[in-house]
Amino acid sequence: MIVKWGHFSDTHLGYRQYGLKERMNDFYNSARTCAELIIKQEPDFVIFAGDLFENFRPLPVDYRSAFELLKLFKKKDIPVYAIRGNHDASYAASKRYGGDVLDFLHDINLITYVQDEVIIAKKGEKDLAIIAGLGYYGKRTSKRLQELLNDNKVLLQRQDLPKILMIHAFVEGMVPDTKEDVKMYFLSQLPFDYIAIGHYHQLWPSDFDKPGNKFFCSGSTEHWSAGEWDEKEGNLSKGSKKGFYTVEAEKNGSEWKIRPSLTEYPVRPKFYAHYDLKFTNPKKIRSTIKEFLDKYDKKDHLLKMNLRGQLKRGDLALLNMMELKDMANNALYFDLITQFMDSSYDIERGLSTRDAIIDILRKNYGLKNEDLDEYTSLIEDILSIVNDKEFSSKSIERIKASVPKMSVILGDDLDDKPKKKTTRKTKVKKIKRSKKKSGSKTKKSLEGFI
Numbered sequence: 068m069i070v071k072w073g074h075f076s077d078t079h080l081g082y083r084q085y086g087l088k089e090r091m092n093d094f095y096n097s098a099r100t101c102a103e104l105i106i107k108q109e110p111d112f113v114i115f116a117g118d119l120f121e122n123f124r125p126l127p128v129d130y131r132s133a134f135e136l137l138k139l140f141k142k143k144d145i146p147v148y149a150i151r152g153n154h155d156a157s158y159a160a161s162k163r164y165g166g167d168v169l170d171f172l173h174d175i176n177l178i179t180y181v182q183d184e185v186i187i188a189k190k191g192e193k194d195l196a197i198i199a200g201l202g203y204y205g206k207r208t209s210k211r212l213q214e215l216l217n218d219n220k221v222l223l224q225r226q227d228l229p230k231i232l233m234i235h236a237f238v239e240g241m242v243p244d245t246k247e248d249v250k251m252y253f254l255s256q257l258p259f260d261y262i263a264i265g266h267y268h269q270l271w272p273s274d275f276d277k278p279g280n281k282f283f284c285s286g287s288t289e290h291w292s293a294g295e296w297d298e299k300e301g302n303l304s305k306g307s308k309k310g311f312y313t314v315e316a317e318k319n320g321s322e323w324k325i326r327p328s329l330t331e332y333p334v335r336p337k338f339y340a341h342y343d344l345k346f347t348n349p350k351k352i353r354s355t356i357k358e359f360l361d362k363y364d365k366k367d368h369l370l371k372m373n374l375r376g377q378l379k380r381g382d383l384a385l386l387n388m389m390e391l392k393d394m395a396n397n398a399l400y401f402d403l404i405t406q407f408m409d410s411s412y413d414i415e416r417g418l419s420t421r422d423a424i425i426d427i428l429r430k431n432y433g434l435k436n437e438d439l440d441e442y443t444s445l446i447e448d449i450l451s452i453v454n455d456k457e458f459s460s461k462s463i464e465r466i467k468a469s470v471p472k473m474s475v476i477l478g479d480d481l482d483d484k485p486k487k488k489t490t491r492k493t494k495v496k497k498i499k500r501s502k503k504k505s506g507s508k509t510k511k512s513l514e515g516f517i
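Residue numbering for the sequence shown follows my numbering, starting at 68 and increasing by one per position.
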């Protein structure tokens, strides 16, 4: 016997990204495209892993979008089994209000709401699969899942049907630098042939079709944030396609063999560029934006730029963000993010870290020759201790804070303004000699600079 199902998730119907009606329509249109392509695969049933809506109190237009989407499956007599995502409703809210939006869709027979239970998917009188569904519980996912399994041990012992688990959670290793909701090892030990995951908006894992894999996340049906534009090209991230799984399960001896396939479809093109301009000026900023827009400012595109660097204080104050954003004429939306630091020091670009330090000390403190070497070495030690991997505005601030303290230790009287050097040869030599006798004191003093 071969059992076939479709798997998609996270349609987020009603999401008005950037406050745009066009983006609300995008989320419906991409979900509809996904549904129509799933139907062409002629599955026995469909599983949906949570977040049908963007908000747990959808507007009337969002309900209509859901009706139109789910009726596509209803007309073809394809059952839809769905779980609750964190955007659909919390468990507490669902209990408090006597149900949630998915309960309503269940009541009018547009979906089968698998709400923390284990059921049998059927086609007429024929049993097709065992489906366990757990809504969103965040860090309590493992505990609630174990309770679900303990309450359904007998049903889960059946070997004549493929067993599917649907969860809405972050799995260990799924999202870099993010605390997982559930451990992968725990899930891998469970008696399921296919684990359908919602909540994460990108395809995961990349080797989903690897023999023996049973973890499957199809991602969202549209890009919910710019962080999901995952087609990389140098400093550019692009987003132009989404997808869903179609799965065939066939009995192979005592086990079920799973054959997943991915179908992709186009969505609105999106382009996100990152630029670190280092020490820059308004002319360079405008030319960078123009270069990007000349290439990507096309009808209906979504564009985003992130510019960072350092500007002189006067230039920073004169930046007109609205004027820069208005440089885009054709895109649906142009999101411009700037992260410019105030750099009152005029440092020549392209200098090494040591050369940049010397440049600051010469121009702003009037240091020369042997004094430069002494101060520069101490500053390099400071930047090394705080692990400054590249010279930045933070490095400049550290220098500004450190030089006055160094001048006290070295017997000078420097402030942050250029000044003519006074004669101090005899005094400095005496101080230097005392430093050489107790070199460890200089290192200890660095702690006060950080």
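Heads up, the beta-carbon is just placed ideally off N, CA and C, and yes, glycines get one too.
query                                                                                                                                                                              : result
Give me, in chain order, the residues of the same chain whose beta-carbon lies closer than 7 Å to that of residue 83; leave out the 5 immediate sequence neighbours on both sides. : 90 and 91
Helix or strand or just coil, what does DSSP make of residue 406?                                                                                                                  : strand
Ends of the alpha helix (DSSP H) at residue 380?                                                                                                                                   : 380-385
For residue 145 versus residue 106, is the C-beta spacing smaller than 8 Å?                                                                                                        : yes
Going residue by residue through the region 204-262, where are the continuous alpha helix (DSSP H) segments of at least 4 residues, counting only ones entirely within it?         : 208-217, 220-223 and 251-255
Whose CA, out of 282, 254, 212 and 295, lies closest to the CA of residue 243?                                                                                                     : 295
Please classify residue 127: is it buried, with 16 or more other beta-carbons within 10 angstroms of its beta-carbon, or exposed?                                                  : exposed
Can the beta-carbon of residue 221 be found less than 8 Å from the beta-carbon of residue 200?                                                                                     : no
Tell me which residues share the same chain as residue 501 and place their Cβ nearer than 8 Å to its Cβ, disregarding the 5 neighbours each side in the sequence.                  : Confidence in residue 501 is poor, its pLDDT being 44 and thus under 50, which makes the residue's placement unreliable; the coordinate value appears in the next sentence. Contacts found: none.
For the putative contact between residue 118 and residue 76, defined by C-beta atoms under 8 Å, what is the C-beta separation to the nearest angstrom?                             : 7 Å
Which residues in the same chain as residue 87 place their Cβ atom closer than 8 Å to its Cβ, once the five residues preceding and following it in sequence are excluded?          : 399 and 400
So the candidates are 289, 316 and 302; which of them puts its Cα closest to the Cα of residue 308?                                                                                : 289
Could you check whether residue 406 and residue 380 sit closer than 8 Å to each other, using their CB atoms as the reference points?                                               : no
Quick test of your reading: residue 237 and residue 203, contact by CB under 8 Å. State the CB separation rounded to the nearest angstrom.                                         : Contact doesn't hold; Cβ gap of about 10 Å is too wide.
How would you write the range of the alpha helix (DSSP H) that residue 104 sits in, first residue to last?                                                                         : 88-107
I'd like the span of the alpha helix (DSSP H) that includes residue 131, first residue to last.                                                                                    : 127-142
Figure out for me which residue from 137, 299, 229 and 382 has the closest Cα to the Cα of residue 175.                                                                            : 137
Measuring CB to CB, does residue 114 end up less than 8 Å from residue 74?                                                                                                         : yes
The beta strand (DSSP E) that contains residue 319, what's its start and end?                                                                                                      : 303-319
Once DSSP output is grouped into helix, strand and coil, what is the label at residue 431?                                                                                         : helix
Would you mind reading off the limits of the beta strand (DSSP E) that contains residue 340?                                                                                       : 322-346
Would you give the residue range spanned by the beta strand (DSSP E) that residue 392 belongs to?                                                                                  : Per DSSP, residue 392 belongs to no beta strand (DSSP E); it is in the alpha helix (DSSP H), 388-392.
Take residue 317 and list the residues in its own chain whose beta-carbon comes closer than 6 Å to its own, dropping the five residues that flank it on each side.                 : 69 and 324
What's the C-alpha gap between residue 322 and residue 226?                                                                                                                        : 8 Å
What residue range does the alpha helix (DSSP H) around residue 168 cover?                                                                                                         : 168-174
Where do the ends of the beta strand (DSSP E) carrying residue 360 lie?                                                                                                            : It is not in any beta strand (DSSP E) - residue 360 instead sits in the alpha helix (DSSP H) that spans 349-363.
Got a sec, what are the start and stop residues for the alpha helix (DSSP H) residue 162 sits in?                                                                                  : 158-163
Can you tell which of 402, 93, 365 and 350 has the C-alpha that lies nearest to the C-alpha of residue 383?                                                                        : 350
Would you list the one or two residues that DSSP bridges to residue 377?                                                                                                           : 346 and 408
Taking buried to mean at least 16 other C-beta atoms within 10 Å of its own C-beta, is residue 249 buried or exposed?                                                              : buried
Check residue 485 in the structure and name its three-state DSSP category.                                                                                                         : Low per-residue confidence applies at residue 485: pLDDT is 46, beneath 50, and the placement is therefore not dependable, though the value from the model is reported in the following sentence. Looking at residue 485 - three-state DSSP - the assignment turns out to be coil, as it is neither helix nor strand.
Between residue 261 and residue 334, which are expected to be in contact by the criterion C-beta below 8 Å, what is the C-beta distance as a whole number of angstroms?            : The pair is not a contact, with the Cβ atoms about 26 Å apart (cut-off 8 Å).
Measure the alpha-carbon distance for residue 524 versus residue 93 and round it to whole angstroms.                                                                               : Because the chain in this structure spans residues 68 to 517, residue 524 falls outside the shown range and cannot be described.
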